Each structure stands twice: as structure tokens, then as C-alpha cells.
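Visitor:
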Amino acid sequence: MSRGRAVIGLTGPIASGKSLALDLFIKEGALGISADAVSASLLTEPALYNRISRKFSPVKILTNGKLDKKKLAAEIFGSPAKRKWLEALLHPRILKRIHSLITSSPEKIAVVETPLLFEAGLAECFTFTVCLAAPAATLEARALKRGWSWAQYRARVKAQLAPEEKYARADIVLDNAGAPRELAEKIKFICRFLKETAQGKKK
Ligand code: ADP
Numbered sequence: 048m049s050r051g052r053a054v055i056g057l058t059g060p061i062a063s064g065k066s067l068a069l070d071l072f073i074k075e076g077a078l079g080i081s082a083d084a085v086s087a088s089l090l091t092e093p094a095l096y097n098r099i100s101r102k103f104s105p106v107k108i109l110t111n112g113k114l115d116k117k118k119l120a121a122e123i124f125g126s127p128a129k130r131k132w133l134e135a136l137l138h139p140r141i142l143k144r145i146h147s148l149i150t151s152s153p154e155k156i157a158v159v160e161t162p163l164l165f166e167a168g169l170a171e172c173f174t175f176t177v178c179l180a181a182p183a184a185t186l187e188a189r190a191l192k193r194g195w196s197w198a199q200y201r202a203r204v205k206a207q208l209a210p211e212e213k214y215a216r217a218d219i220v221l222d223n224a225g226a227p228r229e230l231a232e233k234i235k236f237i238c239r240f241l242k243e244t245a246q247g248k249k250k
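Numbered by the numbering used here, the letters in the sequence shown go through residues 48 to 250 in order.
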């Protein structure tokens, strides 16, 4: 995605610790980007907002006159055709925005948290991919703490690739079954390795 930098694609199953890992990478001096946050900010821009509100019925996607992300998600969840339409509109714009964030920043390590990285066919966009992992029971317990019902959790899990498939496709699988400080150590190690090898290249 960008010369002279390591651009890491960070992914993992629901509640595997992606947000925590992104924060830890940022603490190590990396540029951290959330693809979901980029998507949410694009959705508020008039050009996109207008196209979306022409496609969907306003009662179904607006709350108090504003685009309601949860309603929009529910709309596309039930309709593969609408989902495809929205993805075709959003994905190229998200990638363009992420690319410009990366190229306009001085950091040599950029990390892009992308929950549906493999599902969206984005693995080739990154220098390498990192997937957070934890046992299924741990993932479920962490997800349910968010206040989702078990049925809501299962529906979301089923809409993604299975965790094992994500682990198999990733370049690096980062075990996050232990304490957060253990994950912090692993991320520190990856960042140190990348910084040292980048310095080695200059000599
Ligand atoms: P994701 O972004 O992959 O959905 P989060 O980073 O939001 O996952 O983590 C999901 C939940 O699990 C959060 O409440 C977070 O605080 C908790 N969590 C993440 N990693 C750990 C860990 N190593 N030990 C205990 N709780 C964790």
C-alpha cells in the first residue's frame, strides 16, 4: 500500500482484541487507523450520504434526520444485494482515504484495523497481516460482556469467516488468550523487529 513503510493489516474474530491491539501499536509509535472509523466518517460526507439516502428508504436508515449506522447495518444484513451495492460504493473510498492518511504521515509503521480484512479480499493490500486469536469460549465471554445476547453474537459470528479460517490465512497469529500485558509484549516485539530491520536496510 505504501513504499518504505510497513503497513500491517490487523484483524481477528469478534472480541478477539483488535481495538486493544491497535491501541498497543499506537503506544509503540505506529500510526493506527480503524477502517470502521474511516467508513463512519465517510458516511457523514454529503456526497455519499446523498447517494445512500436515494437508495434506501429514509425511515429505514435515519434517526432524527441523521444517518443511523445501526439501522443501515440492519438494512444490509437482510439484503445481500443492498450490501453489495453499499460495499461497492464504500470500499474503494475507504481504501483511498486510508492510503492518503498513511502517505501523509511520517510514521514508518502503520496499522489498519480491518475486522473483515479477509472477507473483503484485502490481504494483498498489506505488507503482512496480523490476526488476534483466543479460544472460542473466551471470545464469546468477552463479546457477551458488551451486552449482546447470545443470539445476536451468534448471528454476527455467522456473518464472518470462521475464526480458524482467519487464523489460517493470516501471516502472523497473535494469541490474546492471556493478560493484556502479554499482548503488549508481543506487539512491542513486532514493532522493535520492524524498526531494527528498517534501520538495517539503510546501512
Ligand atoms: P475487538 O476489537 O476485536 O472486537 P476488543 O479489543 O474490543 O475486541 O476486546 C473485546 C473485549 O475484550 C473488550 O472488553 C476488551 O477490554 C476485552 N479484552 C481484550 N483483550 C483482553 C485480554 N487479553 N484480557 C482480558 N480482556 C480482554
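All residues carry an ideal CB built from backbone N, CA and C; glycine is no exception.
In this text, all values refer to a predicted model and were calculated from it rather than measured experimentally.
1) Which value, in whole angstroms, describes the spacing of the CA atoms of A77 and K118?
2) Starting from the C-beta of R216, find all residues in its chain whose C-beta is less than 6 angstroms away, skip the five residues before and the five after it, and write them out in chain order.
3) If contact is defined by three or more beta carbon pairs under 8 angstroms, each pair taking one atom from either stretch, is the segment 169–187 in contact with the segment 222–235?
4) Can S63 be considered in contact with the ligand ADP, in the sense that its beta carbon sits closer than 6 angstroms to one or more heavy atoms?
5) What do you reckon, is the C-beta of L95 under 6 angstroms from a heavy atom of the ligand ADP?
6) If you reduce the DSSP assignment to three classes, tell me which class F236 lands in.
7) So, do the segment 185–193 and the segment 51–69 have three or more beta carbon pairs nearer to each other than 8 angstroms?
8) Can you tell me whether DSSP reads E160 as helix, strand or coil?
9) Along the chain, where does the alpha helix (DSSP H) that runs through A120 open and close?
10) Out of E154, A53, L67, G56, state which residue places its alpha-carbon closest to the alpha-carbon of R228.
11) Considering Cα atoms alone, identify which of A245, E243, V54, A87 is closest to H146.
12) In the DSSP assignment, find the alpha helix (DSSP H) that holds L221 and state where it starts and stops.
13) Secondary structure at K113, three-state DSSP: helix, strand or coil?
14) Can you list, in chain order, the residues of its chain with a C-beta nearer than 7 angstroms to that of I73? Leave out the 5 residues immediately preceding and following it.
15) So L95 is in the alpha helix (DSSP H); what residue range does that whole segment cover?
16) Given this structure, state the Cα-to-Cα distance separating L133 from A167, to the nearest angstrom.
17) Roughly how many angstroms lie between the CA atoms of G125 and K131, to the nearest whole one?
18) Touch check for the segment 105–118 and the segment 83–91: three-plus C-beta pairs under 8 angstroms?
Guide: The short version:
1) By 1-based counting over the sequence shown, the position of residue 77 is 30. By 1-based counting over the sequence shown, the position of residue 118 is 71. Taking the straight line joining both Cα atoms gives about 33 angstroms.
2) On the sequence shown, residue 216 is found 169 positions in, with the first residue counted as 1. Hits under 6 angstroms: F165.
3) yes
4) To locate residue 63, count along the sequence shown from 1; it is residue 16. Yes.
5) Working through the sequence shown from its first residue, we reach residue 95 at position 48. Outside the cutoff, so no.
6) Residue numbering aside, residue 236 sits at position 189 when the sequence shown is read from its first letter. In the structure shown, F236 sits in a helix (DSSP, three-state: H, G or I).
7) yes
8) On the sequence shown, position 113 is the one that residue 160 refers to. Residue state, collapsed to three classes: strand.
9) The residue labelled residue 120 in the question sits at position 73 within the sequence shown. Element bounds for A120: 116–124.
10) As a first step, residue 228 must be located in the sequence shown, where it is residue number 181. Ranking E154, A53, L67, G56 by Cα distance to R228 puts L67 first.
11) Taking the sequence shown and counting its residues from 1, the one referred to as residue 146 is at position 99. Here the closest residue by C-alpha is V54.
12) On the sequence shown, residue 221 is found 174 positions in, with the first residue counted as 1. It is not in any alpha helix (DSSP H) - L221 instead sits in the beta strand (DSSP E) that spans 219–222.
13) The residue labelled residue 113 in the question sits at position 66 within the sequence shown. Residue state, collapsed to three classes: strand.
14) As a working mapping, residue 73 is identified with position 26 in the sequence shown. Answer for I73: G79, listed in chain order.
15) On the sequence shown, residue 95 is found 48 positions in, with the first residue counted as 1. Run containing L95: 93–102, per the alpha helix (DSSP H) assignment.
16) Taking the first residue of the sequence shown as 1, we reach residue 133 at position 86. Taking the first residue of the sequence shown as 1, we reach residue 167 at position 120. Each residue's Cα considered, the two are about 13 angstroms apart.
17) As a first step, residue 125 must be located in the sequence shown, where it is residue number 78. As a first step, residue 131 must be located in the sequence shown, where it is residue number 84. Taking the straight line joining both Cα atoms gives about 12 angstroms.
18) yes
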